[in-house]
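Chemist: Once you've had a glance at the structure underneath, I'll fire off some questions.
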Amino acid sequence: MSSSPPLPDLQKRHLVLGLTGGIACYKAAELTRELVRAGATVQVVMTEGAEHFITAATMQALSNRPVYTSQWDARPDNAMAHINLSREADAVIVAPASADFIAKLAQGRADDLLSLLCVARRIGECPLLVAPAMNREMWAHPATRRNVAQIVADGATMLGPATGDQACGEVGDGRMLEAVELRDAVIAFFQPKLLAGRSVLVTAGPTYEAIDPVRGITNLSSGKMGFAIARAAAEAGASVTLVAGPVALATPMGVTRIDVRSAREMHDAVLPLAPSRDVFVATAAVADWRPVDAATQKIKKAAGQGAPALALVENPDILATVAALPKRPYCVGFAAESHEVEAHARAKLERKNVPLIVGNLGPATFGQDHNALLLVDAGGTRALPADDKLTLARQLVAEIAQRLCANP
Ligand code: CTP
18 MSSSPPLPDL QKRHLVLGLT GGIACYKAAE LTRELVRAGA TVQVVMTEGA
68 EHFITAATMQ ALSNRPVYTS QWDARPDNAM AHINLSREAD AVIVAPASAD
118 FIAKLAQGRA DDLLSLLCVA RRIGECPLLV APAMNREMWA HPATRRNVAQ
168 IVADGATMLG PATGDQACGE VGDGRMLEAV ELRDAVIAFF QPKLLAGRSV
218 LVTAGPTYEA IDPVRGITNL SSGKMGFAIA RAAAEAGASV TLVAGPVALA
268 TPMGVTRIDV RSAREMHDAV LPLAPSRDVF VATAAVADWR PVDAATQKIK
318 KAAGQGAPAL ALVENPDILA TVAALPKRPY CVGFAAESHE VEAHARAKLE
368 RKNVPLIVGN LGPATFGQDH NALLLVDAGG TRALPADDKL TLARQLVAEI
418 AQRLCANP
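All the letters of the sequence shown, read from the start, carry residue numbers 18 to 425 under our numbering.
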């Protein structure tokens, strides 16, 4: 099980988690745990096929609720489990969804409790999220393709599948997403789509400027704030490209990542993309200078010769370059300062000619999961008080969306 701290993102959400027959049922156990940790209440419903792969007792223990397996369940006073369960739910998530169950959904068949409640739910109020899990040939089969297209046309949201090793030993499309990926996809589903149809380019992390093949100049930026902004923008419905310096963070779901090392590589990755994007958020802590010439071989210590002289040259300013493009995106810069955050942020607003600078205390936030932001623009200054970086990123995304609407 993941040891990450509890996330409040699904607080007050009541989810029906439907399991159908597939080996990926083992992942549904961890998914239940993750959804509960994220604050949701989870009502598990299992098909007969699912019960061949995992027991209802396991799912009851993890969800802390009795599991439903039959439309003939005698517990509801009105004998209408399919109505009661679907009326209470904020969403129905089918994970794993077998090829057979997707076929049933496509046809509107209702011969077991789970398919019955999917048909009985109020479509406009209780969305259906489907996480397929099957062999790659089954996923690629024309009948499955037709059925998936049909349920999407009927309003279902597909979560995955992923590509990779399959239980049968084959490799390809059809693996169910991992539990934490599904949890994040469910969290994203419920976020307001403030940037739907927009494209966002983000830089994140430090850069690394080589001195020789084993040494270099870098800084303490962890990339966490930039990755949180990329995730928040993707959750808000944007198509997101993240240009990341050397960090070991996981790529947020649905984000296209380009890894770079030096400031010049970051510049070369950003410049061709920037003119076609709606928003550019420069969170990277770009090294201001690099060694004039990186040595091709390791510089050796020689007795009595002292330290080598290190001649530096200035790196291109990526943000200022993008902001000077004739067709420029809405540019947001960051100012990581050690003191006088507002004054320095306002100076950068003018110097880099961008509409918004986000100030923060670099030494206090580098590597941490929390931050506090100061939004500085021509209209004034607004503080986003201390919080976790994802919460702040979502607030910043909302601020950016508001400004985009004001200046379309
Ligand atoms: N930035 C950039 N390219 C650089 C330097 C900075 O794109 N070569 C961007 C950063 O990503 C950030 C903003 O410019 O969004 C401000 O970066 P910062 O390092 O705080 O400012 P500098 O211009 O480098 O000024 P100083 O280091 O003197 O504070």
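Built from N, CA and C at the ideal position, the CB exists for glycine as well. Fair warning: this is a prediction, and the values are worked out from it, not measured in the lab.
1) Pull up the distance between the alpha-carbon of residue 113 and that of residue 92, whole angstroms please.
2) Buried or exposed: where does residue 110 fall if 16 or more other Cβ atoms within 10 Å of its Cβ makes it buried?
3) Residue 222: buried (16+ other C-beta within 10 angstroms of its C-beta) or exposed?
4) Quick one: Cα of residue 227 to Cα of residue 189, how far?
5) Could you give the first and the last residue of the continuous alpha helix (DSSP H) run that contains residue 43?
6) May I ask you to report which of helix, strand or coil DSSP gives residue 134?
7) Using DSSP bridges, identify the partner residues of residue 107.
8) Since residue 242 is in the alpha helix (DSSP H), which residue starts that stretch and which ends it?
9) Assuming residue 270 contacts residue 201 (C-beta within less than 8 Å), just tell me the rounded distance between them.
10) For residue 212, which of helix, strand or coil comes out of DSSP?
11) Rounding to the nearest angstrom, what Cα-Cα distance links residue 421 and residue 377 in this structure?
12) I'd like the list of long-range same chain contacts for residue 236, defined as Cβ closer than 6 Å, with 5 residues on each side in sequence excluded.
13) Keeping to the same chain, check which residues put their C-beta closer than 6 Å to that of residue 3; ignore five residues upstream and five downstream.
14) Say whether the stretch 137-145 touches the stretch 100-110, bearing in mind that this needs 3 or more beta-carbon pairs closer than 8 Å, one atom from each stretch.
15) Quick check: what's the CA-CA separation for residue 18 versus residue 234?
16) Throw me the rounded Cβ distance for the residue 245 and residue 410 pair, which I believe falls under 8 Å.
17) Kindly give me the distance between the Cβ atoms of residue 299 and residue 264, rounded to whole angstroms, as I take these residues to be in contact under 8 Å.
18) Mind checking whether residue 66 and residue 35 have CB atoms under 8 Å apart?
19) Alpha carbons only, please: which of 171, 169, 180 is nearest the one belonging to residue 153?
20) Do residue 76 and residue 115 have their C-beta atoms within less than 8 Å of each other?
21) Out of 239, 130, 279, 98, which has the shortest C-alpha to C-alpha gap to residue 383?
22) Compare the Cα-Cα distances from residue 351 to each of 185, 403, 335, 331 and report the closest residue.
23) From what residue to what residue does the beta strand (DSSP E) around residue 119 run?
24) I need the straight-line Cα distance from residue 241 to residue 253, nearest angstrom please.
25) Could you say if the stretch 273-283 and the stretch 255-264 meet the contact criterion of at least three C-beta pairs nearer than 8 Å?
26) For ligand 1, I want to know if residue 350 counts as a neighbour, meaning its beta carbon is within less than 7 Å of at least one of the ligand's heavy atoms.
27) Measuring only the C-alpha atoms, how far is residue 419 from residue 211?
28) Would you kindly check if the distance between the Cβ of residue 391 and the Cβ of residue 416 is under 8 Å?
29) Any heavy atom of ligand 1 closer than 7 Å to the Cβ of residue 303?
30) So the beta strand (DSSP E) residue 63 belongs to, where does it begin and stop?
31) Does the beta-carbon distance from residue 168 to residue 137 come in below 8 Å?
32) Quick check on residue 313: buried or exposed, where buried means 16 or more other Cβ atoms within 10 Å of its Cβ?
33) Identify every run of the alpha helix (DSSP H) within the stretch 122-208, keeping only runs that are complete inside it and at least 4 residues long; order them along the chain.
34) Take residue 368 and list the residues in its own chain whose beta-carbon comes closer than 7 Å to its own, dropping the five residues that flank it on each side.
35) Is residue 98 near ligand 1, with its Cβ less than 7 Å from a heavy atom?
36) Starting from residue 285, follow the alpha helix (DSSP H) in both directions and report where the run begins and ends.
Modeler: Short version:
1) 26 Å
2) buried
3) buried
4) One Cα belongs to residue 227, the other to residue 189, and the distance between them is close to 39 Å.
5) 42-54
6) helix
7) DSSP output for residue 107 lists no bridge partner at all.
8) 241-252
9) Indeed they touch by this definition, with Cβ atoms about 5 Å apart.
10) coil
11) 23 Å
12) 223, 302
13) Residue 3 lies beyond the range of the chain shown here (18 to 425); nothing can be said about it.
14) yes
15) Because the pLDDT of residue 18 is 39, which lies under 50, any placement of that residue in the model is unreliable, and the question is left without a value.
16) Rounded, the Cβ-Cβ distance is 4 Å, consistent with contact.
17) So it is not a contact: roughly 16 Å between Cβ atoms.
18) Against a cut-off of 8 Å, the Cβ pair of residue 35 and residue 66 comes out as no contact.
19) 180
20) no
21) 239
22) 335
23) Unbroken run through residue 119 is the alpha helix (DSSP H), 116-124; no beta strand (DSSP E).
24) 18 Å
25) yes
26) yes
27) 8 Å
28) no
29) yes
30) It spans 58-63 - the beta strand (DSSP E) in which residue 63 sits, taken as one unbroken run.
31) No, they are not a contact pair.
32) exposed
33) 130-137, 153-157, 159-170, 196-207
34) none
35) no
36) 280-290
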